[in-house]
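These notes concern the structure reproduced below.
There are 2 protein chains.
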Amino acid sequence: MSKAIASTSRNLDRVFCPRSVAVVGDKQALGYMWLKALSDFKGEVYSVQIDPSELPGIAALGVPNYSSLQDIPGPVDYVISSVPRAAAPRIVRDCIEKAVGGVCFFTSGFAETSTEEGTRLQREITELALQAGLNLIGPNCVGVYNPRIGLKHNAAQQSGEGGPVGFIAQSGTHATLFSILGAINGIRISKSVSYGNAVVLDSTDFLEYLGQDDETRIIGMYIEGVRDGRRFLRVLKDVAARKPVLIWKGGQTQAGARATASHTGVLAESAAVWETLIRQYGAVKVHSVDEMIDTAKALLYVKPARGNRVGLIAMSGGQSVTITDTFAGAGLEIPLLDERSYDRLAAFFDIIGGSYRNPFDISSSFFMSANGVSNLASMLDVMEKDPNIDSVVLEMFPLIRPQGAKDTGDKDPVLETLSEFRARSEKPFMVIITTAHEESLSTEARKRVTGQGIACFPNFERAAKALRRHVDYFRLRRELDSCEQAGI
Amino acid sequence: MSKAIASTSRNLDRVFCPRSVAVVGDKQALGYMWLKALSDFKGEVYSVQIDPSELPGIAALGVPNYSSLQDIPGPVDYVISSVPRAAAPRIVRDCIEKAVGGVCFFTSGFAETSTEEGTRLQREITELALQAGLNLIGPNCVGVYNPRIGLKHNAAQQSGEGGPVGFIAQSGTHATLFSILGAINGIRISKSVSYGNAVVLDSTDFLEYLGQDDETRIIGMYIEGVRDGRRFLRVLKDVAARKPVLIWKGGQTQAGARATASHTGVLAESAAVWETLIRQYGAVKVHSVDEMIDTAKALLYVKPARGNRVGLIAMSGGQSVTITDTFAGAGLEIPLLDERSYDRLAAFFDIIGGSYRNPFDISSSFFMSANGVSNLASMLDVMEKDPNIDSVVLEMFPLIRPQGAKDTGDKDPVLETLSEFRARSEKPFMVIITTAHEESLSTEARKRVTGQGIACFPNFERAAKALRRHVDYFRLRRELDSCEQAGI
Numbered sequence: 001m002s003k004a005i006a007s008t009s010r011n012l013d014r015v016f017c018p019r020s021v022a023v024v025g026d027k028q029a030l031g032y033m034w035l036k037a038l039s040d041f042k043g044e045v046y047s048v049q050i051d052p053s054e055l056p057g058i059a060a061l062g063v064p065n066y067s068s069l070q071d072i073p074g075p076v077d078y079v080i081s082s083v084p085r086a087a088a089p090r091i092v093r094d095c096i097e098k099a100v101g102g103v104c105f106f107t108s109g110f111a112e113t114s115t116e117e118g119t120r121l122q123r124e125i126t127e128l129a130l131q132a133g134l135n136l137i138g139p140n141c142v143g144v145y146n147p148r149i150g151l152k153h154n155a156a157q158q159s160g161e162g163g164p165v166g167f168i169a170q171s172g173t174h175a176t177l178f179s180i181l182g183a184i185n186g187i188r189i190s191k192s193v194s195y196g197n198a199v200v201l202d203s204t205d206f207l208e209y210l211g212q213d214d215e216t217r218i219i220g221m222y223i224e225g226v227r228d229g230r231r232f233l234r235v236l237k238d239v240a241a242r243k244p245v246l247i248w249k250g251g252q253t254q255a256g257a258r259a260t261a262s263h264t265g266v267l268a269e270s271a272a273v274w275e276t277l278i279r280q281y282g283a284v285k286v287h288s289v290d291e292m293i294d295t296a297k298a299l300l301y302v303k304p305a306r307g308n309r310v311g312l313i314a315m316s317g318g319q320s321v322t323i324t325d326t327f328a329g330a331g332l333e334i335p336l337l338d339e340r341s342y343d344r345l346a347a348f349f350d351i352i353g354g355s356y357r358n359p360f361d362i363s364s365s366f367f368m369s370a371n372g373v374s375n376l377a378s379m380l381d382v383m384e385k386d387p388n389i390d391s392v393v394l395e396m397f398p399l400i401r402p403q404g405a406k407d408t409g410d411k412d413p414v415l416e417t418l419s420e421f422r423a424r425s426e427k428p429f430m431v432i433i434t435t436a437h438e439e440s441l442s443t444e445a446r447k448r449v450t451g452q453g454i455a456c457f458p459n460f461e462r463a464a465k466a467l468r469r470h471v472d473y474f475r476l477r478r479e480l481d482s483c484e485q486a487g488i
Numbered sequence: 489m490s491k492a493i494a495s496t497s498r499n500l501d502r503v504f505c506p507r508s509v510a511v512v513g514d515k516q517a518l519g520y521m522w523l524k525a526l527s528d529f530k531g532e533v534y535s536v537q538i539d540p541s542e543l544p545g546i547a548a549l550g551v552p553n554y555s556s557l558q559d560i561p562g563p564v565d566y567v568i569s570s571v572p573r574a575a576a577p578r579i580v581r582d583c584i585e586k587a588v589g590g591v592c593f594f595t596s597g598f599a600e601t602s603t604e605e606g607t608r609l610q611r612e613i614t615e616l617a618l619q620a621g622l623n624l625i626g627p628n629c630v631g632v633y634n635p636r637i638g639l640k641h642n643a644a645q646q647s648g649e650g651g652p653v654g655f656i657a658q659s660g661t662h663a664t665l666f667s668i669l670g671a672i673n674g675i676r677i678s679k680s681v682s683y684g685n686a687v688v689l690d691s692t693d694f695l696e697y698l699g700q701d702d703e704t705r706i707i708g709m710y711i712e713g714v715r716d717g718r719r720f721l722r723v724l725k726d727v728a729a730r731k732p733v734l735i736w737k738g739g740q741t742q743a744g745a746r747a748t749a750s751h752t753g754v755l756a757e758s759a760a761v762w763e764t765l766i767r768q769y770g771a772v773k774v775h776s777v778d779e780m781i782d783t784a785k786a787l788l789y790v791k792p793a794r795g796n797r798v799g800l801i802a803m804s805g806g807q808s809v810t811i812t813d814t815f816a817g818a819g820l821e822i823p824l825l826d827e828r829s830y831d832r833l834a835a836f837f838d839i840i841g842g843s844y845r846n847p848f849d850i851s852s853s854f855f856m857s858a859n860g861v862s863n864l865a866s867m868l869d870v871m872e873k874d875p876n877i878d879s880v881v882l883e884m885f886p887l888i889r890p891q892g893a894k895d896t897g898d899k900d901p902v903l904e905t906l907s908e909f910r911a912r913s914e915k916p917f918m919v920i921i922t923t924a925h926e927e928s929l930s931t932e933a934r935k936r937v938t939g940q941g942i943a944c945f946p947n948f949e950r951a952a953k954a955l956r957r958h959v960d961y962f963r964l965r966r967e968l969d970s971c972e973q974a975g976i
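Line by line, the protein sequences give chains A and B.
Read left to right, the first sequence gives residues 1 to 488 (my numbering).
Read left to right, the second sequence gives residues 489 to 976 (my numbering).
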């Protein structure tokens, strides 16, 4: 039986959807971060701690404490271990004996330190786990996040509502950042995992698991290196054919690769090899947590792209030049409209100092006029019907309220217009609200637009890059699917 | 007498530092935006408005109103005109007769609309102004901002304290954005101007003026096109030899150039030509308002760069990989340190799971240990003394308080350590505080760091780009200066 098949048969359900969690070695010096992160967990939480000075702190959190995993009365699905590295082999043996569903080692100081002791201890826990078929995550990681059941690795993460995005990260910081920034950006997580040094379970195992997970419609990955490249690519090809897989490769530069060696002890492959393979296997390459969020947002909220020709509407002359430079610079086309569109526009576009070639410059006085909202709707309809335009992008000011509308309580006719357009148009549609005056106003406005299921971005550059990736993704999938059908 | 010399002799002091301002045609429909923007102005403000329905609104603002410029009793240094375009020629004649210092036309709808009427009116006001030697700014712009005397074009702009950065923008939106985002980022403005269609006064006139202005140490420009390219380059060469000039060129792409034609009616030159000329004349090219702010920030707050080798300190393993990829990707080097530095580090670096090759990964537990702050100081000192390192970049978490420090009131020893290092080290030093958990925490932390005179950036990418431009600027200046000395 090959290693690949062995891994395929691993059942990670007890790890991702545990009914009981034990934390080994949480302590005051860490602010009891693990037990506090689990305060929303919908299941049993146990502590294992033998230091008597820590017991009152743990008791104060209302968590029952035991001297060992074996002493816990019921079954334990998932263990989080934060013990000093020298104690790690003992905890692995306890996990095996207790027949837990899996264990995540937050503990670090293993092979990534290049010390003899760290390397020896890493080899020891690896061999023990592999022999027993124990699902070991890490070491040097923060493990699983499942918001639906309140399984968190950071108290700042949300719980309660799950979402359609799975995230697999070699780095704990990136897993945490993605979940928190994602929540602000309307990206809700199904399940995520940080897996550090990957001595037993590697990115491929998690990709396979989330690939089969019905709740997960899009998968994001932050990878520093993979152990079994062939198996990774086989699984990637299979999963990417069914759902979008976004890959952010850490250690893309020579100096960055040196950093991955110190971080998770893996050797990063060359950036060029990754670039080619990712494309060939139908995945999407991103370069940062922001790009990951933006691309996921486009894939979740924007309808499939059929071409790269964009209609742009900006709120001033200067912004109309900048938005055009930015979208054209990202490799998108900003074409002239069809003649019939200009005939339609001439009938109602009455903004002195504005213009409507493409980009449109609707000027700040637009929404001050009585028929501003109906003109916006007409303008969007022109874009929708124009055969030269594939996608529509609109810049808005943070506080747009048509003449006469009250500050709160009133329905917002601008937001309704955008929401209706988004619902009825088959063309990709994005809104951009840049930062002006006060960031909090812009943040609030973005939240309201996102709340309508509309992809909303904080600047031209992020929106342009996201649309470009969105367009490229659908073109690549069409190409790969026709190759598939042609049997190539 | 050549046109260039004629322009050189123009005195723009009455425009940039007026003692009296008249607003012609402000009205309710604009929310009396001009008169409200002038509420802090340290001088006489007059209104000129003949529509009787507007008079109560103007009276309510406490501004004396007159039926014409001629009726204003004293001299008028600066006029802001917001009349309909058909009335523009009459206002120009009035300005000439009143012998004002200059006039800015907010009015738009001229040649940029490609209509016969707009083009004819633009020609008329241009000829009138040129014949009389009237300093006409615009049309289709928002004119001058001088915070020191409370001369603003937007109520959200700051007044009171001036700064060292001059800004010249063909777009009113970009002038407004730069002043407001700049204030948040520690970039204070000496004087700025938005000049729209540039029919009389062009970017070159303002560059020459700010080049001679003692208050202005750095000049930023947003340009869509210039009328007299040779004169522009001659003035640029002269000014850039004395102070940094940052240029953001609007209409860099073909589609963007079409947008500039609709915006300010200018034809944008090819991006490649600009790129080459800007470099050749010792200026710095930027591509957005963010890049303008970041580069100005580096030039203002960071000591001159002598090379491109960077020492990086990040707050987690994942971030250490990402910061390295980002800085290396921006064309900077992240070298190994000198052997003696590693010997020094080994004596005190005790963070399990951290590392100190370069990048340094100091891990989140760093500041929880009792000697975290003194270790940070030692680490910075190692970087300072290391012969392989030219610049030092430190990632910080938003809320860093060493063990035992109170939430408020207490002095912040981390901030003091950074501030001391910044003061004594001759190496460029930057801090990055990314967004985590709550944006407001990060904003607050950045403000505190900036308040110490330390260049602080919101993400790795913006910091890396700014440092790269900073390094390039000083290298370019050294090259140009040695050419100059060699008489080449």
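Backbone N, C-alpha and C fix where the C-beta goes; we use that ideal spot for every residue, glycine too.
The structure presented is a predicted model; accordingly, all values stated were derived computationally and were not measured.
Contact check, residue i vs residue j, beta carbons under 9 Å
i	j	result
Ala743(B)	Ala466(A)	no
Val24(A)	Ser81(A)	yes
Ser843(B)	Gly805(B)	yes
Gly160(A)	Ser190(A)	no
Ser391(A)	Arg344(A)	no
Val83(A)	Gly101(A)	no
Asp702(B)	Arg950(B)	no
Tyr195(A)	Gln170(A)	yes
Gly172(A)	Ala296(A)	no
Leu695(B)	Phe720(B)	yes
Lys737(B)	Ile706(B)	no
Met221(A)	Val199(A)	no
Cys104(A)	Val144(A)	yes
Closer than 9 Å to chain B by CB, residue i
i	result
Asp26(A)	no
Pro497(A)	Because chain A spans 1 through 488 in this model, residue 497(A) falls outside it and cannot be assessed.
Phe327(A)	yes
Asn140(A)	yes
Met379(A)	no
Reference residue i; option with closest CA among the options
i	options	result
Thr264(A)	Leu30(A), Thr107(A) and Ala272(A)	Thr107(A)
Leu61(A)	Arg231(A), Gln28(A), Gln170(A) and Arg90(A)	Gln28(A)
Gln131(A)	Arg93(A), Gly172(A) and Phe360(A)	Arg93(A)
Ala88(A)	Thr119(A), Tyr66(A) and Val63(A)	Thr119(A)
Cβ-based burial, residue i [other Cβ within 10 Å; buried from 16]
i	result
Ser602(B)	exposed
Lys899(B)	exposed
Val761(B)	exposed
Arg446(A)	buried
Glu932(B)	exposed
Glu479(A)	exposed
Residue-level contact to chain A via CB, residue i, 9 Å cutoff
i	result
His958(B)	no
Ala747(B)	yes
Glu821(B)	yes
Gln646(B)	no
Val881(B)	no
Tyr710(B)	yes
Ile850(B)	no
Per DSSP, cross-strand counterpart(s) of residue i
i	result
Glu532(B)	Ser508(B)
Asn146(A)	Leu151(A)
Within-9 Å CB hit, residue i to chain E
i	result
Glu932(B)	Included in the structure are the protein chains A and B, with no chain E among them.
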